[in-house]
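Asks:
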Amino acid sequence: MFPAAFDYRAPSSLAEAVDILRQRGEEAKVMAGGQSLIPLLKLRFSQPALVVDIGRLPNLAGVERKDGHLRVGALTRHVQVESNTDLRTLCPILPEAAHWIADPLIRNQGTVGGSVCHADPQGDWGSVMLALDADFVARSESGERTIKAADFFQGPFTTALRPDEVLTEIRIPLAAHSAGAYNKLERKVGDFATVAVAVQVEMNGDKIAKAGIGLTSVGDRNLKARDAEKSLAGKQPTDEAIAEAARLAAAAAEPKADVRGSAEFKRDIVRVFVQRGLKTAVARARGGQ
Amino acid sequence: MAATHVHGGIGESIKRKEDSRFLHGKGNYIDDLALPGMLHMSILRSPHAHARLKSVDTSAASGMPGVIAVVTGELMAQHKLAWMPTLSNDTQAVLATDKVRFQGQEVAAVIAETRYQAEDARDAIVVDYEVLTAVTSPEGAKTAGAPLIRDDKENQKDNHIYHWESGDQGTTRAAFAKADKVVRLHTFYPRCHPAPLETCGCVADVNGVTGKATIYMTSQAPHAIRTVFALVTGLPEQNIRVISPDIGGGFGNKVPVYPGYVVATAASLLIGRPVKWIEDRTENLISTGYARDFHMTGDLALDKDGKITALRVHLDSDNGAFFADAQPSKFKAGLFHIVTGSYDIPTAHITADGYYTNKAPGGVAYRCSFRVTEASYLIERLITNAAIEIGMDQAEFRKKNFIRKDQFPYHSATGWVYDSGDYHKAMDVALDQLGYDELRKDVEKRRKQGEVTGIGIASFTEVVGAGHGADFDILGLRMFDSAELRVHPTGKAMLRMGTKSQGQGHETTFAQIVAEELGIPAADVAVEEGDTDTAPYGLGTYASRSTPVAGAATAMVSRKLREKGRKIAAHLLEAAEEDLEWERGRFFVKGSPDKGKTIQEIAFAAYTNLPEGMEAGLEGVHYYDPPNMTYPFGTYAVVVDVDKGTGQVKVKRVVAVDDCGVRINPMIVEGQIHGGLTEGFGIAFMELITFDAEGNCIGSNFMDYLLPTAWESPKFELGETVTPSPHHPLGAKGVGESPTVGSPAAYVNAVIDALSPYGVKNIDMPVTPDKVWAALRAAGVSE
Ligand SMILES: Cc1cc2nc3c(=O)[nH]c(=O)nc-3n(C[C@H](O)[C@H](O)[C@H](O)COP(=O)(O)OP(=O)(O)OC[C@H]3O[C@@H](n4cnc5c(N)ncnc54)[C@H](O)[C@@H]3O)c2cc1C
């Protein structure tokens, strides 16, 4: 519980941060809320030569509606999403998922950006962003680029970000008649998901125009259940259609047995949660909340 | 602030005197301590569960910045300290010399100027291990050809530690032969851990000139530790001073002597500077005293009317690499033979076998009086299963088989003499508070609608207050306890005891006993424990023994001083002693209530105006040897709903009726019950130390070893009955552990009741969603 020695820098601007990373990115670790990084340092699982603390950089926190998108600043704390009342109608899956993350202490410190950059296959935001088809905005000394959520998560604790890049923003497309739901099975408050499922639907009349489904803790990264998503497009949300999507999503899961339960158990929870999530999301999208 | 007129006698819920200190951050815990010149120690632990130690290379580590010494098993062996005795008369490695026998075992230690330097150098020690096959269960330990774990012990040819029996095999066998029905339950009480929020640690300070060793330590039993240290190290006992400062939770975890204490003390002796050793969370969870790990099979014999005629139990105990259970030496499986519980069972037979495995040693009683928790769990699970199997209501089946009020003192089939009880009454109060009959109907109705819901009951009997010296000792030390009371000239008092609070509120409760018995307001009585240079000798605080034993000593010493006070009062009032009457805080002349002397006036006179020939002062000490154990009891009832889709259990209600005899501070008692019910909830649903096939510990941090918090813990509805102990001077029985002992079975029984329509008879703790899900799906229930 005592980290190995490291250098510490706290740049005062994004420009300074990316400049430090240009020089020392390979041996450095960016720190946002520190809620994942600090435990890793303390356990000496991570021993970077340099920690670049971006936690106090200006203008990177907050949720804003702009150009048909929600822009979630990388330094937005989980609690800011959880307590944002506008989001409850605009994009209900966001505050719902935020509430499921860790415990209040960690939600006060941890950031949405830090969470996705950490890319823990058990992390909740990844699945939500996959279901929402979000875009991730990365900055480096050489400029800005946008990465699709589906391309961002590459494996356990591995993302498409380069060592010289900082994630600055997540862009979530907004559509009318759309809503989502997040269901999570955890052993206690503050535990990572045994299984969790993010579901987002966009309705067109009584049909589902588009569905997004993200799966947590059932693979080496957050998974996008594409077959299940496709099976719903253009369909009425009947029990049969929902059950079929749930079956497809369960089939797409790649769970492993561990102390939380068997692979079979986790796969079945995916099925149950896709069903529950779709029913809730459809009801919300229809305005039933 | 408590108003000055608050007396704080027995039965008053005064605020805890210690809380102001804790709430203002002015507690004094071991890690708060900083002595001049103090060094820091970090322990290198084995990553393997079973491996031969081929070499330990400390050369790189020794040269690192700030490093003063690197201690290995070899160095300890040179001082004859590589091994130490355990509390169960076995030996335990202090630092490994030959093999490592569990993951997390102590291999070497670095002493450095700072903790960071010590940790850096620890990582630079190079150990060459030859990995051996690990044994991770009694099953594995028994198998022919299993690796011999304790090859260090002469005459140890296998992994078997002990065989132990209680009760009567012949009469039990005969009763089973005649039984109309036999109900069997095989269940595993898994390994869990007390996990106190403050980990273990010490600061050892050996004065190189005087030879005095002062060891500040998180110990629940400082006096016993001093004696053990004297015996192990050969230091004269008057030169050892153990000081337990404020302790942040113990739950049995802080009873044993751990290798870290011994190494830190040896290091301080060799180096001549104070050495601090504080465990981190993982060290605490993987190496210090675990609890339970009992594989139990119970058979209950019934006649056709549903009366229990006999009980037969076999258990295999998984004791880890060294037999280091903290328990009275006569009893190899602790007090497990209380397993007939609250029931009038004519005959019983218990067999127990202990096994070495490649797991951490030290089966401590985690908030439990020496294995009564396992016993209570087994019998209460059996009782509910039996009721379900014969189609009788759980509550009714219990009532039919309870020991009746008129049977006390009750002689149990395994030799216990229960002091007092009224089990039917506690049950009735609980059922009433729950609204049981209505709730049962509701359960039936909701089950018809496809819901999975149930009610669980447990009617436990505890056995606490160890114990009578003839039967109870730890390493030969009889389990009395003590209180020394000094009343100062101004009428204020200092009470010192051989026990040691870890959060139980001793500074308040024991002051209240003095307030009641000697009449000095509780606010005027300072209670001090934990310094072996000043406190009288005692066996410490665990097994709910402080109130039954040291509390009794406090009452007795108060009464001694009161009798001296009577003589002084008689002298002051110029009256005959027998003409004086006592009311709380004052002697007065019979018939003239205004002619009297307060205890404060008497105390002043004890130093200023004594009767001719009387010794000055008003102080005394009492060593109390309890004539019997006390037997707290109660009935707990739990209501649960089960989510058919996920297997999650939602605890809807918990009603807990406790009878711990006379309650000294009812608020503290209720606090203890809340805490214990929460721990019971944790044990039933989430706490687990488990191991993979290689013997790697899973549950080595709080992300894996799950403790319940306020978020998920249920709401508790408390109730009480009061059946005083006939042999305790105050009628008090002790309560700290009742809720952890009684509640796990109530929680699990509720789940079993909910799943009983599907024929489910057992789910081992912790009852996690995956296990419930598997039971539901096996029965064809899904969403
Ligand atoms: C006890 C506990 C329970 C938890 N439970 C959950 C849970 O249930 N669900 C869940 O989803 N999470 C959980 N978490 C993780 C939590 O959500 C963290 O807050 C989050 O994963 C990391 O956010 P952070 O801001 O603290 O990141 P940090 O710890 O500061 O950083 C995490 C990683 O991301 C990198 N990074 C951070 N920000 C950026 C950036 N802007 N650009 C580039 N790289 C960056 C860092 O270099 C580091 O590698 C838990 C954590 C703890 C300690």
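From first to last, the protein sequence lines stand for chains H and R.
With the first letter of the first sequence counted as 1, position 209 gets the number 510 in the numbering used here; the numbers rise by one all the way through.
With the first letter of the second sequence counted as 1, position 383 gets the number 410 in the numbering used here; the numbers rise by one all the way through.
Glycine included, C-beta positions come from ideal geometry on N, C-alpha and C.
Note that this is a predicted model, so its numbers are computed, not measured.
My parser needs the alpha helix (DSSP H) runs of 4 or more residues fully inside the region 383-464 of chain H; what are they?
Replies: List check, alpha helix (DSSP H) in window: 388-391, 394-401, 405-410, 413-419, 425-433, 450-453.
Asks: Let me confirm a value: residue 375 of chain H is counted as buried when at least 16 other C-beta atoms fall within 10 Å, else exposed. Which label applies?
Replies: Per the 10 Å Cβ criterion, buried.
Asks: Chain R beta carbons: is any one of them nearer than 7 Å to that of residue 488 of chain H?
Replies: So, interface residue.
Asks: For the region 609-650 of chain R, list the alpha helix (DSSP H) runs that are entirely contained and at least 4 residues long, ordered along the chain.
Replies: DSSP runs (the alpha helix (DSSP H)) wholly in the region 609-650 of chain R: 626-635.
Asks: Below 6 Å, is the gap between the Cβ of residue 493 of chain H and the nearest heavy atom of ligand 1?
Replies: Flag set: Cβ of residue 493 of chain H near ligand 1.
Asks: Nearer than 6 Å: is that true of the beta carbon of residue 402 of chain H relative to any heavy atom of ligand 1?
Replies: Yes, the beta carbon of residue 402 of chain H sits closer than 6 Å to at least one heavy atom of ligand 1.
Asks: Is residue 358 of chain H a contact residue of ligand 1, with contact defined as CB to any heavy atom under 6 Å?
Replies: Result no, Cβ not under 6 Å from ligand 1.
Asks: Give the secondary structure of residue 327 of chain R by DSSP, where H, G and I count as helix, E and B as strand, and everything else as coil.
Replies: Here residue 327 of chain R sits in strand by DSSP.
Asks: Kindly list the residues whose CB is nearer than 6 Å to the CB of residue 542 of chain H, restricted to its own chain and excluding five residues on each side of it in sequence; keep chain order.
Replies: Within the same chain, residue 542 of chain H has close Cβ partners 536.
Asks: What residues from chain R crowd round residue 578 of chain H, counting only those whose CB sits closer than 9 Å?
Replies: Those within 9 Å of residue 578 of chain H in chain R number zero; the least Cβ separation is about 12 Å.
Asks: Compute the Euclidean distance between the alpha carbons of residue 569 of chain R and residue 752 of chain R, then round it to the nearest angstrom.
Replies: The alpha-carbon atoms of residue 569 of chain R and residue 752 of chain R are separated by roughly 19 Å.
Asks: Checking the sheet assignment: what are the DSSP bridge partners for residue 133 of chain R?
Replies: Answer by DSSP bridge pairing, in chain order: R:72.
Asks: So which residues on chain H does residue 713 of chain R lean against when the C-beta distance must stay under 7 Å?
Replies: Those are 488, 489, listed as they occur along chain H.
Asks: Tell me, which residues are paired with residue 481 of chain R by DSSP?
Replies: Bridge partners of residue 481 of chain R: R:667.
Asks: Taking only beta-carbon positions, decide if residue 394 of chain R is within less than 7 Å of chain H.
Replies: Judged by the 7 Å Cβ criterion, residue 394 of chain R is not in contact with chain H.
Asks: Tell me where the alpha helix (DSSP H) around residue 289 of chain R begins and ends.
Replies: Element bounds for residue 289 of chain R: 286-298.
Asks: Would the beta-carbon of residue 731 of chain R be found less than 6 Å away from any heavy atom of ligand 1?
Replies: Checking every heavy atom of ligand 1 against the Cβ of residue 731 of chain R, none is found closer than 6 Å.
Asks: Counting pairs of Cβ atoms below 8 Å between the region 200-212 of chain R and the region 332-347 of chain R, do you hit three or more?
Replies: Short answer: they touch.
Asks: Between H:315, H:347, H:327, which lies nearest to residue 302 of chain H when the distance is taken from Cα to Cα?
Replies: Residue H:347 is the option with its Cα nearest to residue 302 of chain H.
Asks: If we require 4 or more residues per run, which alpha helix (DSSP H) segments fall completely within the region 436-524 of chain R?
Replies: Listed in chain order, they are 450-461, 463-475.
Asks: Beta carbon of residue 471 of chain H: closer than 6 Å to some heavy atom of ligand 1?
Replies: Outside the cutoff, so no.
Asks: For a contact meaning CB atoms closer than 8 Å, what does residue 795 of chain R contact in chain H?
Replies: Those within 8 Å of residue 795 of chain R in chain H are 488, 561, 562.
Asks: For chain R, find out if any of its Cβ atoms is closer than 7 Å to the Cβ of residue 519 of chain H; answer yes or no.
Replies: It does not; no Cβ of chain R falls within 7 Å.
Asks: Find the nearest neighbour of residue 539 of chain R within the set R:757, R:129, R:493, judged by alpha-carbon distance.
Replies: Checked all of R:757, R:129, R:493; the closest Cα to residue 539 of chain R is R:757.
Asks: Cα-Cα, which of R:520, R:572, R:354 is closest to residue 507 of chain R?
Replies: Comparing Cα-Cα distances from residue 507 of chain R to each of R:520, R:572, R:354, the minimum goes to R:572.
Asks: How should residue 540 of chain H be labelled, buried or exposed, when 16 other C-beta atoms within 10 angstroms of its C-beta is the threshold for buried?
Replies: Counting Cβ neighbours within 10 Å, residue 540 of chain H comes out exposed, since fewer than 16 surround it.
Asks: Would residue 527 of chain R and residue 481 of chain R be called neighbours here (beta carbons separated by less than 7 Å)?
Replies: The answer is no: Cβ separation not under 7 Å.
Asks: Quick check: the Cα distance between residue 525 of chain H and residue 712 of chain R, rounded to an integer number of angstroms?
Replies: Going by the C-alpha atoms only, they are around 32 Å apart.
Asks: When the Cα atoms are used, what is the spatial distance from residue 590 of chain H to residue 788 of chain R?
Replies: Because residue 590 of chain H sits at a pLDDT of 45, beneath the cut-off of 50, its placement in the model cannot be relied upon, and the following sentence gives the value as read from the coordinates. Near 41 Å, if we compare the C-alpha coordinates of residue 788 of chain R and residue 590 of chain H.
Asks: Grab me the residues of residue 29 of chain R's own chain with a C-beta within less than 7 Å of its C-beta, minus the 5 sequence neighbours each way, in chain order.
Replies: Only weak support is given to the placement of residue 29 of chain R: the predicted model assigns it a pLDDT of 40, under 50, and the value that follows is read from those uncertain coordinates. Here the set comprises 41, 42, 550.
Asks: How about residue 94 of chain R and residue 148 of chain R: do their beta carbons lie closer than 7 Å?
Replies: For residue 94 of chain R and residue 148 of chain R, yes; Cβs fall inside 7 Å.
Asks: For chain R, find out if any of its Cβ atoms is closer than 7 Å to the Cβ of residue 590 of chain H; answer yes or no.
Replies: For residue 590 of chain H, the pLDDT reaches just 45, beneath the cut-off of 50, and the residue's location in the model is therefore unreliable, leaving the point undetermined.
Asks: Start and end of the beta strand (DSSP E) containing residue 686 of chain R?
Replies: 676-686 is the extent of the beta strand (DSSP E) around residue 686 of chain R.
Asks: Looking at chain H, is there any beta carbon in it that lies within less than 7 Å of the beta carbon of residue 320 of chain R?
Replies: Residue 320 of chain R does not count as touching chain H.
Asks: Mind checking whether residue 137 of chain R and residue 73 of chain R have CB atoms under 7 Å apart?
Replies: No; because the gap between Cβ atoms is not below 7 Å, this pair is not in contact.
Asks: Do you know how far the Cα of residue 619 of chain R is from the Cα of residue 574 of chain R?
Replies: Roughly 36 Å separates the two Cα atoms.
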